[in-house]
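Numbering (my numbering), first residue to last: 397 to 453.
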(Lines of atoms letter the chains of each structure in order from A; the text may use other names.)
(Lines give C-alpha, C1' and ligand atoms only; values in the text may rest on other atoms or scores of the structure.)
Protein backbone atom coordinates (compact mmCIF):
# COMPACT_ATOMS: atom_id res chain seq x y z
CA UNK A 397 0.00 0.00 0.00
CA UNK A 398 2.75 2.48 0.88
CA UNK A 399 4.50 1.80 -2.44
CA UNK A 400 1.29 2.77 -4.22
CA UNK A 401 1.19 6.07 -2.36
CA UNK A 402 4.87 6.72 -3.17
CA UNK A 403 4.15 5.95 -6.83
CA UNK A 404 1.25 8.43 -6.93
CA UNK A 405 3.35 11.13 -5.26
CA UNK A 406 6.15 10.46 -7.73
CA UNK A 407 3.78 10.82 -10.68
CA UNK A 408 2.46 14.12 -9.33
CA UNK A 409 5.98 15.46 -8.71
CA UNK A 410 7.13 14.56 -12.23
CA UNK A 411 3.96 16.09 -13.70
CA UNK A 412 4.58 19.37 -11.87
CA UNK A 413 8.26 19.29 -12.93
CA UNK A 414 7.27 18.82 -16.58
CA UNK A 415 4.84 21.73 -16.29
CA UNK A 416 7.64 23.90 -14.89
CA UNK A 417 10.02 22.81 -17.66
CA UNK A 418 7.45 23.71 -20.32
CA UNK A 419 7.28 27.33 -19.14
CA UNK A 420 9.37 29.94 -20.95
CA UNK A 421 12.90 30.08 -19.58
CA UNK A 422 12.43 33.56 -18.13
CA UNK A 423 9.59 32.45 -15.87
CA UNK A 424 11.10 29.14 -14.75
CA UNK A 425 12.16 28.88 -11.14
CA UNK A 426 15.55 27.15 -10.98
CA UNK A 427 15.17 26.42 -7.27
CA UNK A 428 11.76 24.79 -7.86
CA UNK A 429 13.11 22.76 -10.79
CA UNK A 430 16.05 21.46 -8.77
CA UNK A 431 13.78 20.56 -5.84
CA UNK A 432 11.19 18.80 -8.00
CA UNK A 433 13.80 16.91 -10.02
CA UNK A 434 15.65 15.80 -6.88
CA UNK A 435 12.45 14.66 -5.16
CA UNK A 436 11.26 12.86 -8.28
CA UNK A 437 14.60 11.11 -8.71
CA UNK A 438 14.68 10.02 -5.07
CA UNK A 439 11.14 8.62 -5.19
CA UNK A 440 11.83 6.87 -8.50
CA UNK A 441 14.94 5.29 -6.98
CA UNK A 442 12.91 4.08 -3.98
CA UNK A 443 10.32 2.54 -6.32
CA UNK A 444 13.03 0.86 -8.42
CA UNK A 445 14.78 -0.64 -5.38
CA UNK A 446 11.45 -1.85 -4.02
CA UNK A 447 10.60 -3.47 -7.36
CA UNK A 448 13.90 -5.36 -7.54
CA UNK A 449 13.56 -6.50 -3.93
CA UNK A 450 10.18 -8.04 -4.73
CA UNK A 451 11.42 -9.93 -7.80
CA UNK A 452 12.27 -13.58 -7.39
CA UNK A 453 15.30 -14.65 -9.40
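No residue lacks a Cβ here, since even glycine has one placed at the ideal position from N, Cα and C.
For the alpha helix (DSSP H) containing residue i, list its first residue and its last residue.
i: residue 411; result: 398-417
i: residue 439; result: 426-450
Can the beta-carbon of residue i be found less than 8 Å from the beta-carbon of residue j?
i: residue 443; j: residue 402; result: yes
i: residue 416; j: residue 428; result: yes
i: residue 432; j: residue 405; result: no
When the Cα of residue i is compared with those of the options, which residue comes out closest?
i: residue 398; options: 446, 409, 451 and 453; result: 446
i: residue 430; options: 410, 452 and 420; result: 410
i: residue 413; options: 451, 421, 452 and 436; result: 436
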